[in-house]
Amino acid sequence: MDPQRFSRITGTGSYLPARRVTNADLAAELATRGLETSDEWIVERTGIRARHFAAPEKGSSDLGVIAARHALEAAGRLPEDVDLIIVATSTPDMVFPSTATIIQRKLGIAGCPAFDMQAVCSGFVYALSVADSMIRTGAANCALVIGAEVFSRILDFNDRTTCVLFGDGAGAVVLESSTEPGILASKLHADGKYRDILCVPGTVSGGQISGVPLLKMDGQAVFKLAVGVLDEVAREVLEAAGRSAADIDWLVPHQANIRIMQGTARKLRLPPERVVVTVHEHGNTSAASIPLALDHAVRKGQVKKGETLLLEGVGGGFTWGAVLLDL
Ligand code: UT7
Numbered sequence: 065m066d067p068q069r070f071s072r073i074t075g076t077g078s079y080l081p082a083r084r085v086t087n088a089d090l091a092a093e094l095a096t097r098g099l100e101t102s103d104e105w106i107v108e109r110t111g112i113r114a115r116h117f118a119a120p121e122k123g124s125s126d127l128g129v130i131a132a133r134h135a136l137e138a139a140g141r142l143p144e145d146v147d148l149i150i151v152a153t154s155t156p157d158m159v160f161p162s163t164a165t166i167i168q169r170k171l172g173i174a175g176c177p178a179f180d181m182q183a184v185c186s187g188f189v190y191a192l193s194v195a196d197s198m199i200r201t202g203a204a205n206c207a208l209v210i211g212a213e214v215f216s217r218i219l220d221f222n223d224r225t226t227c228v229l230f231g232d233g234a235g236a237v238v239l240e241s242s243t244e245p246g247i248l249a250s251k252l253h254a255d256g257k258y259r260d261i262l263c264v265p266g267t268v269s270g271g272q273i274s275g276v277p278l279l280k281m282d283g284q285a286v287f288k289l290a291v292g293v294l295d296e297v298a299r300e301v302l303e304a305a306g307r308s309a310a311d312i313d314w315l316v317p318h319q320a321n322i323r324i325m326q327g328t329a330r331k332l333r334l335p336p337e338r339v340v341v342t343v344h345e346h347g348n349t350s351a352a353s354i355p356l357a358l359d360h361a362v363r364k365g366q367v368k369k370g371e372t373l374l375l376e377g378v379g380g381g382f383t384w385g386a387v388l389l390d391l
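Using the numbering used here, the first residue of the sequence shown is number 65, and each one after it goes up by one.
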């Protein structure tokens, strides 16, 4: 492996479906089901004010392909330049083929490897880390790494403890080979014994739905675990890169709950204004949340080329991971 070969993000893109659903809209919908919630409760406990829901006929690939096109345009690349597609999603269009191959076709290209990454809300950091490894070994030169989700399809709108938290969206980056780093280090982890605290315990079997294909979460257990592992993996990735928390210009965390994001920043002694926050407008978009937040920050000129970013994800599995990079 060439030690002078690195990977670098050369473009970002994102897409949110047009339908914006505020907390008040959701509270009114839940009231018709005899459930009580409020804007005050959702904002105070999570920071979320609104989320976007995709139209019923749209799947993750429809959102993902638009984000991918925006990222390619930002990188000055054409679909024909892409030689690897990884899509992080837990809400694929179909059981198979992968959403990545569906996006490949929608981009009008063929031949390059394309596959999905299933690590729930950690999916994007997993996908970015794998794409980085493939680029550094010479297996790819220009990768599209996409997070795309339609979580509204797996929400139980009779469970107020979960349905107010999630939204739909997509984000993407173009990751290219470079003689300059780029991605400085990445660390990934999983522990399957926590399966039941965050899961969609259903599947298809014999042409029937088996189990319950709706999201279930023990919020407090997830919260407690998330705060601990995010701090650990942040320190681990900094150490691997020979950097310290003082070198971080921006924390771009998984957008699940503002209290978890602020807690992670506090532990790293990062001021809250160094945290990229989009959860208030997007809700938790699972694997899409980090690239969506990154693209919004880049496009509004908040995050700039040359700055050091810590990307961190945590989610079902339990999975967690971090990527430290120079933009
Ligand atoms: O993407 C994967 C990562 N996921 C996460 O990071 C989620 C982590 N967990 C969390 O973000 C938080 O635990 C939640 C936002 C899910 C919940 O916040 P909390 O502060 O842990 O609330 P809680 O579960 O302790 O519930 C407090 C109260 C309960 O009522 P009682 O038992 O105190 O009377 C709940 O029934 O709030 C009630 N409640 C609600 N009230 C109004 C729960 N959901 C709602 C709701 N509206 N939507």
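Cβ atoms here follow ideal geometry from the backbone N, Cα and C, with glycine treated the same way.
{"Asked": "Where the alpha helix (DSSP H) through Pro355 begins and ends", "Found": "Ser353 to Arg363"}
{"Asked": "Where the alpha helix (DSSP H) containing Phe382 begins and where it ends", "Found": "Where Phe382 is concerned, there is no enclosing alpha helix (DSSP H), given that its DSSP letter is neither H nor E."}
{"Asked": "Candidates Asp359, Glu303, Gln284 and Ala310: closest to Ile324 by CA position", "Found": "Gln284"}
{"Asked": "Residue environment, Met65, which counts as buried when at least 16 other CB atoms sit within 10 Å", "Found": "exposed"}
{"Asked": "beta-carbon Val339 near the ligand NAP non-hydrogen atom, thresh 7 Å", "Found": "Ligands displayed in this structure: the ligand UT7; the ligand NAP is not among them."}
{"Asked": "CB-CB length for Ile312 against Leu332, believed under 8 Å", "Found": "7 Å"}
{"Asked": "Buried/exposed call for Met158, threshold 16 Cβ in 10 Å", "Found": "exposed"}
{"Asked": "Strand pairing of Arg152, partner residues [DSSP]", "Found": "Checking the sequence shown, residue 152 turns out to be Ala, not Arg. Answer by DSSP bridge pairing, in chain order: Met181 and Gly211."}
{"Asked": "Buried or exposed (CB count within 10 angstroms, at least 16 for buried), Thr201", "Found": "exposed"}
{"Asked": "When Ile106, Ala191 and Phe215 are compared against Leu278, the one with the closest alpha-carbon", "Found": "Phe215"}
{"Asked": "Given Pro120 as reference, the closest of Val146, Thr74, Ile218 and Arg72 once Cα atoms are compared", "Found": "Ile218"}
{"Asked": "Cys227 vs Val146 beta-carbon contact at 8 Å", "Found": "no"}
{"Asked": "CB of Ala212 within 8 Å of CB of Ala131, strictly", "Found": "yes"}
{"Asked": "Integer Cβ distance of Leu414 from Ala204, believed to fall under 8 Å", "Found": "Past the boundaries of the shown model lies residue 414; the chain is included only from 65 to 391, so the question cannot be answered."}
{"Asked": "Residue environment, Leu142, which counts as buried when at least 16 other CB atoms sit within 10 Å", "Found": "exposed"}
{"Asked": "Proximity below 8 Å, CB of Leu315 to CB of Ile73", "Found": "no"}
{"Asked": "Pairwise C-alpha distance: Arg169 and Ala92", "Found": "40 Å"}
{"Asked": "CA-to-CA distance, Lys288 to His346, given in whole angstroms", "Found": "23 Å"}
{"Asked": "Neighbourhood of Ser78 by C-beta distance below 6 Å, restricted to the same chain and skipping five residues each side", "Found": "Ala131, Gly235, Leu356 and Asp359"}
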